Amino acid sequence: MKMTRRRDSELVRVFRYIKPRRTAYLSGLIGCSLADASVPIVMALVLRLVLDAITEGDMKAVVTTGLLFAAIIAVLMAITPAVHYGFAKTVKRTMAELRETVYGHIEKLPVAYYENTHSGDSISRINNDVAVVENVYAGEIRIVLTVVSTGLYSAALMFWPDWRFASAMIALGCLSTYINSRYAGPIRRISEEIQRSAARQLERLGDLVAGTQMVRVYQMFDRMVQKFREENRLWARLSIRRTFMSSMLNGTNYLLLWINNGGAFIVGAIMIFYGEMTLGTLIALILLLEEVTNMFRHSGALWANLQASLAGAARVFELLDREPEPRRYPSPAGEGAAGDPACAIEIRDASFEYGGGERVIDGLNLKVPRGQVVALVGPSGGGKSTVLKLLIGLYPLLRGEILIEGRRLTDMDLEELRSKIAYVSQDAYLFDGTIEENIRYGKPDATFEEIVEAARAAHAHDFILEQPDGYDTVVGERGGRLSGGQKQRIAIARALLKNAPILLVDEATSALDSDSEHAVQQGLRRLMKGKTTIAVAHRPSTIRQADVICVVDKGRIVEQGTHGELLAAGGLYARLHGDRTEHHAV
155 MKMTRRRDSE
165 LVRVFRYIKP
175 RRTAYLSGLI
185 GCSLADASVP
195 IVMALVLRLV
205 LDAITEGDMK
215 AVVTTGLLFA
225 AIIAVLMAIT
235 PAVHYGFAKT
245 VKRTMAELRE
255 TVYGHIEKLP
265 VAYYENTHSG
275 DSISRINNDV
285 AVVENVYAGE
295 IRIVLTVVST
305 GLYSAALMFW
315 PDWRFASAMI
325 ALGCLSTYIN
335 SRYAGPIRRI
345 SEEIQRSAAR
355 QLERLGDLVA
365 GTQMVRVYQM
375 FDRMVQKFRE
385 ENRLWARLSI
395 RRTFMSSMLN
405 GTNYLLLWIN
415 NGGAFIVGAI
425 MIFYGEMTLG
435 TLIALILLLE
445 EVTNMFRHSG
455 ALWANLQASL
465 AGAARVFELL
475 DREPEPRRYP
485 SPAGEGAAGD
495 PACAIEIRDA
505 SFEYGGGERV
515 IDGLNLKVPR
525 GQVVALVGPS
535 GGGKSTVLKL
545 LIGLYPLLRG
555 EILIEGRRLT
565 DMDLEELRSK
575 IAYVSQDAYL
585 FDGTIEENIR
595 YGKPDATFEE
605 IVEAARAAHA
615 HDFILEQPDG
625 YDTVVGERGG
635 RLSGGQKQRI
645 AIARALLKNA
655 PILLVDEATS
665 ALDSDSEHAV
675 QQGLRRLMKG
685 KTTIAVAHRP
695 STIRQADVIC
705 VVDKGRIVEQ
715 GTHGELLAAG
725 GLYARLHGDR
735 TEHHAV
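So this note's numbering is basically just the index in the sequence shown, starting at one, shifted up by 154.
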């Protein structure tokens, strides 16, 4: 029962998206079904009239029937293309809206979703699974309606010449429907497994493409291929299993078909011999019986196919049912002390964990006056980057509060919060597009002159002009056609163009060589000017620009002061500084 309710819910939800175009869709669906159903019925009736006329030697009736048939065909030729076009247009527009809905929802999901879900799974849902939903609109439902309407019309016409003959044949058809329905559940379950396996194949492919350098460096080809081979063979086994079940179903249907047709010929021949039926009527009844048999035979199979499509719909709706990132995070119980407007950033007794039960931030306190540069240093895994993620609002605090310019973060919309912040990460992410487009993301309505000015300030203008197409140069996926230093300077130009009052920098130069680091540092100095900055830093060149250095360890600030003060204290910072100096990796 639980499975049935879920199916009904999925089918209802699928058709909820067609609701704005319900009239056009239903008109097209009924029109297409009637047009498709009219051909076999007209053929059966025309053959009956022609054969009976020939048997009786009535040539005038033959000519009249031929002209009537030609007129019907002319009408169908004029109507059918328009009906099919209108129906297809309605479905395609609905599918475009559904894809936009899924894409927009994925974009709004919290960061935790992306950290716990492989990108290949999301791609599979928006491509493969959404495409499968189209089969519900344009495939199964339309075919079911066509087959059922044709079968019902044919059954009604069969009762006209002889109700006994029609009753016997339809009773046999009911048996076919029952047998087909028994296959629907198993085919549905196998189809769900096939959809999941297809998603995992995309995950393996995504790993290979995104990690191609590491695959080569660590000679992982065999392991990557083996993982893909295992998933591909599972998909093949499941597909073959579904094909086997469909083949068994088809075999049973063909047996019932021959029993139906054979019985019809035998009974009809006997009735003709005793003068109870004409040859034309028998041929028409057999043709109509074929449509009735198709209704019974295919209705179960089509229901099974519908379950396969709904398996894809289930994965789409599972994604759409995920809660999006809230507009703002809920306020903690109780009101804290009023914030200081002169303080750009204040973190009070903050605690946070990612979900594994281990506190990454544990009672952290920090105050950053406007215009001050604060460097966060400390051992790896101490929580430095997490502090930046919390300030951007990627996660809610477990306990404590964050204030931005005297206002609690929970009193601000996340959109408003992020408008006040520019962020430069260690791995500068560039989108596939031109250099100009990537810089413009900082301020969509910026003029080209403003973009050039930001690039000059980021020390990126000169190398951009050296590119084949200057600012129109396509950077490739993730900026793969540019060096690390070049990508980082474009990211700095993007942050400069945004001109937000708060700047967060996460180890922006740690992965660069000395020449690139020098150019990026020049851009960063320009970017930090007049802004409140928190920088996660390893290298002395970044740390020395800070007004205050905070040492973060095990989710707390354990030391705080200037470079000289912390060295003199001889604590954790002094030990870290000594280790990094020795390894030239500060």
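Glycine included, C-beta positions come from ideal geometry on N, C-alpha and C.
These numbers were taken from a predicted model, which means no experiment stands behind them.
message: Restricting to Cα atoms, I'd like to know which of D701, V578, T601, D626 is closest to L658.
response: Of the candidates D701, V578, T601, D626, the one whose C-alpha sits nearest the C-alpha of L658 is V578.
message: Is it the case that the region 583–603 contacts the region 613–629, given that we only count it when at least three CB pairs across the two stretches are under 8 Å?
response: yes
Entirely enclosed alpha helix (DSSP H) segments - the region 608–648, minimum 4 residues: 615–619
- request: Go through the region 573–598 residue by residue and report every complete run of the alpha helix (DSSP H) that reaches 4 residues or more, in order.
  value: 589–594
message: Less than 7 Å between C-beta atoms, sequence neighbours within five positions excluded: which residues of the same chain meet that for E112?
response: Only positions 155 to 740 of the chain appear in the structure, and residue 112 is not among them; the question remains open.
field: Proximity winner among L720, A649, M449, relative to K685 (alpha-carbon distances)
entry: A649
- request: Less than 8 Å between the CB atoms is what I'm expecting for A178 and G240, so what's the real figure, rounded?
  value: 7 Å
Inter-residue spacing [alpha-carbon to alpha-carbon] between R161 and E472: Because the pLDDT of R161 is 44, which lies under 50, any placement of that residue in the model is unreliable, and the number read from its coordinates should be weighed accordingly. Answer to the nearest angstrom: the Cα atoms are 13 Å apart.
query: With respect to the alpha helix (DSSP H) encompassing N270, which residues constitute its N-terminal and C-terminal limits?
result: 265–270
- prompt: When the Cα of V690 is compared with those of S539, D567, R343, which residue comes out closest?
  reply: S539
field: Cross-strand partners of C497 (DSSP beta bridge)
entry: P523
- prompt: Is the beta carbon of L681 less than 8 Å from the beta carbon of I646?
  reply: yes
message: Assuming contact is defined by CB atoms lying nearer than 8 Å, are K708 and P478 in contact in what I supplied?
response: no
- prompt: Just to confirm, does M449 get its C-beta within under 7 Å of one of the non-hydrogen atoms of the ligand GDP?
  reply: Summarising the ligand content, the structure contains no ligands, and the ligand GDP is consequently not present.
query: So, using beta-carbon positions, are S278 and A390 closer together than 8 Å?
result: no
- request: Could you tell me the distance, in whole angstroms, from the CA atom of T588 to the CA atom of A465?
  value: 39 Å
message: Tell me the residue span of the beta strand (DSSP E) that contains D707.
response: Per DSSP, D707 belongs to the beta strand (DSSP E) from 702–707.
query: Given R296, which residues of its chain have a CB within under 7 Å of its CB, disregarding the five upstream and five downstream residues?
result: L183, C186, S187
message: Tell me which residue opens and which closes the alpha helix (DSSP H) that A250 is part of.
response: 213–262
message: Using 8 Å as the cut-off, can you tell me whether the region 189–208 makes contact with the region 416–435, which would need three or more C-beta pairs spanning the two stretches below that distance?
response: yes
Inter-residue Cα distance where the pair is T300 and V470: For T300 and V470, the distance between alpha carbons rounds to 27 Å.
- prompt: What residue from V229, L222, V216 has the CA that sits closest to A189's CA?
  reply: V229
Distance between beta carbons of Y291 and I172, contact taken as under 8 Å: 7 Å
message: Once DSSP output is grouped into helix, strand and coil, what is the label at I558?
response: Correct three-state label for I558: strand.
message: Within the continuous alpha helix (DSSP H) that includes E210, where are the two ends?
response: 176–210
task: Would you mind reading off the limits of the beta strand (DSSP E) that contains G715?
output: 710–715
task: Let me know if R481 comes out buried or exposed under the rule of 16 or more other beta-carbons within 10 Å of its beta-carbon.
output: exposed
field: Status (buried if at least 16 other CB within 10 Å, exposed otherwise) for G535
entry: So G535 ends up on the exposed side.
query: Residues bridged to E507 by DSSP?
result: R513
C-beta contact flag for L474 and H259 at 8 Å: yes
- request: Give the secondary structure of R160 by DSSP, where H, G and I count as helix, E and B as strand, and everything else as coil.
  value: Low confidence applies to R160: its pLDDT is 45, below 50, so where it sits in the model is not reliable, and the reading given next is rough at best. Correct three-state label for R160: helix.
task: Using 10 angstroms around the beta-carbon of I424, count the other beta-carbons present and answer buried if the total reaches 16, otherwise exposed.
output: exposed
message: My parser needs the beta strand (DSSP E) runs of 3 or more residues fully inside the region 421–447; what are they?
response: none
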